[in-house]
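Comments concern the structure below.
Residue numbers (this note's numbering): 397 to 702.
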């Protein structure tokens, strides 16, 4: 199926589910792996040994303490590194990439919604500081969710775009199924620890690739900081990305995550040598930035890129 048609089909599936009359919609042949931005399934990407990029020195090993990790060259369709890429792990705030995809698929980002008390009840940090009664645009909430990793923003987005958090989570899992994320289950729009919620480095790399197809998401995940306001301009929210690696000019952006169960998670979008876009996923790390930086350095030092 043509990529644009597939995206439209997925959006149609979400809208059907949102209408309350869910009917399973065939996005693609379920026997075939989902193909992401690169045009290839992550599960079928070969290790880069004989085709560019290729290892210059096999004697340089890489040891990571993270529970799971993956690095791919999106441009050359090659795996560059993997460690337990199919191990099921808690997603933490990496789940917010799926939340953003669902929102951008079904909502008018310019529309203004109102924050209710129920949106804020029991919502832990990080938050962007939304106030009960505040009116704010969907896009501003998206920015808060992806830059600040704001849980209050994710909560408001779920209720206002799908009617309830429960219905929104149904849409998240419908989208996951349509994308072929076979080892992923979402339980809430924030990624907070909840029994039965998990994904893998393989699936999360596909999710990250897919999110780059969405214009607003692709721009927001590259921001180091941002400022948004309520619709009347009286409430100002200053947003700051916790990913210190965004100070590295090679790092274009992506998403952080941390919970007690997940530990440190981090997806990086990296500008490699000219013509190469790289993606790394590190899950279950006690020092996600240091290990992601170590992985990035190893890739750039160890591989020859044409």
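Quick reminder that beta carbons are idealized off the backbone N, C-alpha and C, glycines included.
This structure is a prediction, so every number in the text was calculated from the model and none was measured.
- Taking the C-beta atoms as reference points, residue 506 is found nearer than 8 Å to residue 535.
- Non-local beta-carbon contacts of residue 549 in its own chain, meaning distances under 6 Å to residues more than five positions away in sequence, involve 524, 537, 540, 541 in chain order.
- A Cβ-Cβ separation of about 23 Å leaves residue 621 out of contact with residue 678 under the 8 Å criterion.
- Taking residue 520 as reference, the option from 617, 588, 650 with the minimal CA-CA separation is 588.
- Runs of the beta strand (DSSP E) lying entirely within the stretch 452-537 and spanning at least 3 residues, in chain order: 464-469, 474-479, 508-510, 531-533.
- Here the alpha carbon of residue 511 sits roughly 12 Å from the alpha carbon of residue 627.
- Separation of residue 665 and residue 465 (C-alpha to C-alpha, rounded to the nearest whole angstrom) is 14 Å.
- In this structure, residue 492 lies near residue 545, with their beta-carbon atoms less than 8 Å apart.
- DSSP, reduced to helix, strand and coil, places residue 630 outside both helices and strands of the structure shown, so it counts as coil.
- Residue 641 is bridged by DSSP to nothing; it lacks a bridge partner.
- By the C-beta density criterion, residue 693 is exposed, having fewer than 16 other C-beta atoms within 10 angstroms.
- Residue 452 has its alpha-carbon roughly 41 Å from the corresponding atom of residue 569.
- Listed in chain order, the alpha helix (DSSP H) elements of length 4 or more contained wholly in the stretch 539-583 are 547-558, 561-575.
- Here DSSP, grouped into helix, strand and coil, assigns residue 620 to coil.
- Straight-line spacing of the CA atoms in residue 496 and residue 613 works out to 7 Å.
- Counted as a single uninterrupted DSSP element, the alpha helix (DSSP H) harbouring residue 606 occupies residues 597-607.
- Comparing alpha carbon positions, the residue from 604, 639, 528 closest to residue 631 is 528.
- In this structure, residue 595 keeps its C-beta atom at 8 Å or more from the C-beta atom of residue 475.
- Scanning 579, 610, 637, 685 for the CA closest to the CA of residue 461 turns up 685.
- Straight-line measurement puts the Cα of residue 555 at about 14 Å from the Cα of residue 504.
- When DSSP reads this structure, residue 700 sits in a beta bridge with 450.
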